[in-house]
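Heads up, the thing below is written out as structure tokens.
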Amino acid sequence: MARGPSRRKQDRAAARWERRTYTLPSRWYRVLAYTVGYGGLKPERFLALVRELGVKVVADVRRFPRSKLEFYAGERLRASLSEVGVEYAWFGELGALGLARSYRPGEDVVCTGSPTFRAYVHYLVSDPRALAALARLGDAAAQGRTPLVLCRERKPEHCHRQFVADALVAMGVRVVHVVGAQRLEHRGSPCYSYIASRLPRAAR
Numbered sequence: 793m794a795r796g797p798s799r800r801k802q803d804r805a806a807a808r809w810e811r812r813t814y815t816l817p818s819r820w821y822r823v824l825a826y827t828v829g830y831g832g833l834k835p836e837r838f839l840a841l842v843r844e845l846g847v848k849v850v851a852d853v854r855r856f857p858r859s860k861l862e863f864y865a866g867e868r869l870r871a872s873l874s875e876v877g878v879e880y881a882w883f884g885e886l887g888a889l890g891l892a893r894s895y896r897p898g899e900d901v902v903c904t905g906s907p908t909f910r911a912y913v914h915y916l917v918s919d920p921r922a923l924a925a926l927a928r929l930g931d932a933a934a935q936g937r938t939p940l941v942l943c944r945e946r947k948p949e950h951c952h953r954q955f956v957a958d959a960l961v962a963m964g965v966r967v968v969h970v971v972g973a974q975r976l977e978h979r980g981s982p983c984y985s986y987i988a989s990r991l992p993r994a995a996r
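With positions in the sequence shown counted from 1, the corresponding number in the working numbering is that position plus 792.
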């Protein structure tokens, strides 16, 4: 069975990702969104985090809101969040799982070597369903609802939510990634410039 990259290589890649700097919008935005991966996050800690951050809506960007961890299955999560006064919203149009099998990326998407990520980046800036979902997510931030973008992978550089964050920043939203005890300001993925330059003007 083929092995994935070693932990040391993964850590080096993560460090490089965190050091990246791109030309992001210069003004400081009042609207705010967070992202988090639930991998390794216990249910009680997740609910405490939602309260700590002042989140009003959890935006689930999994294509299919299923999980081996019962708490994170869509309807169960909706019920748990409702008990603490937080809305659950499924943004399936922003999911990435299986997209590479059904969506062909443009040849100009060269900012990532991952076939899935290439397909996703192209989809994100060109498909009306994705653009409408981005607009709804941006509206939630603009209304002061402090959305928490949720997926599975713990680190954003391993997850398609890094590209959702790119789009939100281009739209004028400050994005902060929650990774364990860290709060990491989104500095732009390698695909930020591509995404920002191709979002329809109405979405920015």
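C-beta: ideal position from N, C-alpha, C; glycine also.
Meets three-Cβ-pair contact criterion under 8 Å: the stretch 893-901 and the stretch 862-872
no
On the DSSP letters alone, give me the boundaries of the beta strand (DSSP E) that LEU824 sits inside.
In the sequence shown, residue 824 corresponds to position 32, counting from 1. Where LEU824 is concerned, the enclosing beta strand (DSSP E) stretches over 824-829.
Tell me the residue span of the alpha helix (DSSP H) that contains ASP958.
Here residue 958 refers to the residue found at position 166 when the sequence shown is read from its first residue. Here the alpha helix (DSSP H) through ASP958 covers 953-962.
Out of ARG855, GLY887, CYS943 and ARG979, point me to the one whose CA is closest to ALA962's CA.
Position 170 of the sequence shown, counted from the start, is the residue given in the question as residue 962. The shortest Cα separation from ALA962 among ARG855, GLY887, CYS943 and ARG979 belongs to ARG979.
Note down, in chain order, each residue of its chain lying with its Cβ closer than 6 Å to the Cβ of VAL967, except the 5 sequence neighbours on either side.
Taking the sequence shown and counting its residues from 1, one reaches residue 967 at position 175. Excluding sequence neighbours, VAL967 sits near ALA825, ALA957, LEU960, VAL961 and HIS978.
Just mark ARG953 as buried or exposed, buried being the case when its beta carbon has 16 or more other beta carbons within 10 Å.
In the sequence shown, counting from the first residue as 1, residue 953 sits at position 161. So ARG953 counts as buried.
Can you name, in chain order, every residue of its own chain whose Cβ lies under 7 Å from the Cβ of ARG894, other than the five neighbours on each side?
Against the sequence shown, residue 894 aligns to sequence position 102. Sequence inspection shows Ser at residue 894; the Arg mentioned does not correspond to that position. Hits under 7 Å: none found.
Short of 8 Å in beta carbon distance, which residues of its chain neighbour LEU845, apart from the five on each side in sequence? Order them along the chain.
The residue given as residue 845 occupies position 53 in the sequence shown. Around LEU845: TYR826, THR938, LEU940 and VAL970.
So, are the CB atoms of GLU945 and GLY829 less than 8 Å apart?
The count along the sequence shown starts at 1 and reaches residue 945 at position 153. The count along the sequence shown starts at 1 and reaches residue 829 at position 37. Against a cut-off of 8 Å, the Cβ pair of GLY829 and GLU945 comes out as a contact.
Among the residues of its own chain, which have a CB less than 6 Å from the CB of LEU976, if the five just before and after it don't count?
Sequence index remark: in the sequence shown, residue 976 carries index 184 (1-based). These residues qualify, in order along the chain: HIS969.
Assuming ASP931 is part of the alpha helix (DSSP H), what are its boundary residues?
On the sequence shown, residue 931 is found 139 positions in, with the first residue counted as 1. 920-934 is the extent of the alpha helix (DSSP H) around ASP931.
Along the beta strand (DSSP E) that carries ALA851, what are the first and last residues, could you check?
Mapped onto the sequence shown, residue 851 falls at position 59. Unbroken beta strand (DSSP E) run through ALA851: 849-852.
Can you tell me whether ASP931 is buried or exposed, with buried defined as 16 or more other CB within 10 angstroms of its CB?
Looking up residue 931 in the sequence shown gives position 139. Flag for ASP931 reads exposed.
Anticipated Cβ contact below 8 Å, THR904 with CYS983, distance rounded
Stepping through the sequence shown from its first residue, residue 904 is reached at position 112. Stepping through the sequence shown from its first residue, residue 983 is reached at position 191. About 6 Å separates the two Cβ atoms, so the contact holds.
Taking LEU845 as part of the alpha helix (DSSP H), name the residues at either end of that continuous run.
Within the sequence shown, residue 845 is the residue found at index 53, counting from 1. First-last of the alpha helix (DSSP H) with LEU845: 835-845.
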